[in-house]
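Residue numbers (UniProt numbering): 1 to 167.
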Amino acid sequence: EGSSGAPAATLVFDLVSLPRVRAPLARIQTSAKRYELKTIEVKVINPFPSDTELTVQLLPEPAEPLPEPRPPSNQKGRRQPKPKPKPKSSKEQAAKEKAAQEEAAMFKQFPDPFGCDRARMKLKFGQTDVLKVTYMPWTEGTTHCTVLLTSAQHGQFCYEITGEATP
C-alpha cells in the first residue's frame with residue numbers, strides 16, 4: 001500500500017550577502033603630496049564559490065565607522081559611573097553645525113581624490129586580479145575610500161584605502 005500523505009515540499013533558498021557593517025578584506029594605507037598622482041594596486045581575490053562579474057564602486061567613506069577616541073584611564077579597580085553630559089547651549093550647537101557645513105562645503109569644491117581604472121571586473125573561482133586605484137589629494141589631511149565590489153549572484157565585499165595628504 002502507498003502512503004496517503006501529501007507529497008513533501010522542497011524548500012530552496014538563494015542566500016545573498018548584504019552586511020550591515022562593511023568589514024574590509026584588507027586595509028591599505030598610502031600617502032602622497034598634494035596634487036601628486038599615485039597609483040595603488042589593490043589585489044582583488046574572488047571569495048565566492050564560483051565565477052562572478054563584479055561591479056566596482058568607490059565610496060568616499062571608511063568601510064566601518066571610525067571608533068570614537070577614548071580618553072586614557074589611569075584608574076584601577078571598580079569603574080566610576082560616567083557623569084551625565086551637560087546640555088549644550090544653542091550657541092555651541094549652532095557653531096558646531098556651522099563648522100560641519102563649512103567643512104562639507106570645502107570638500108564639495110574639489111573632486112574625489114580617488115579614482116579607478118574600471119567599473120566592472122570578471123573573476124573566476126579563486127582568481128586574483130589587480131584593480132588600479134589612483135589617489136590625487138587636493139587638500140591636506142586624511143581621506144578614506146571604500147572599494148565596494150558587488151556581485152549580483154553572491155553579494156558584496158570591500159577593501160578600505162586611507163590616504164594621507166602632505167604639503
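Here a beta-carbon is modelled for each residue, glycine too, at the ideal position from N, C-alpha and C.
Source: prediction; values computed, not measured.
DSSP, reduced to helix, strand and coil, places Ala-94 within a helical segment of the structure shown. The residue among Lys-124, Lys-91 and Thr-39 with its C-alpha nearest the C-alpha of Ile-161 is Thr-39. Residues Lys-43, Val-44, Ile-45 and Asn-46 of the same chain have their beta carbon placed closer than 8 Å to that of Thr-128, with the five preceding and five following residues left out of the count.
Contact check for Glu-41 and Thr-146: beta-carbon distance about 17 Å, past the 8 Å limit, so the pair fails to qualify.
Rounded to the nearest whole angstrom, the CA to CA distance from Gly-163 to Met-136 is 9 Å. Residues Val-56 of the same chain have their beta carbon placed closer than 6 Å to that of Ala-119, with the five preceding and five following residues left out of the count.
Around the C-beta of Ser-50, fewer than 16 other C-beta atoms lie within 10 Å, and the residue is accordingly described as exposed. Residue pairing by DSSP places Ala-165 opposite Ala-32 and Gly-141 in a beta bridge. Under the three-state reduction of DSSP output, Gln-153 falls in the coil class, being neither helix nor strand. In the three-state reduction of the DSSP assignment, Gln-109 falls in the helix class.
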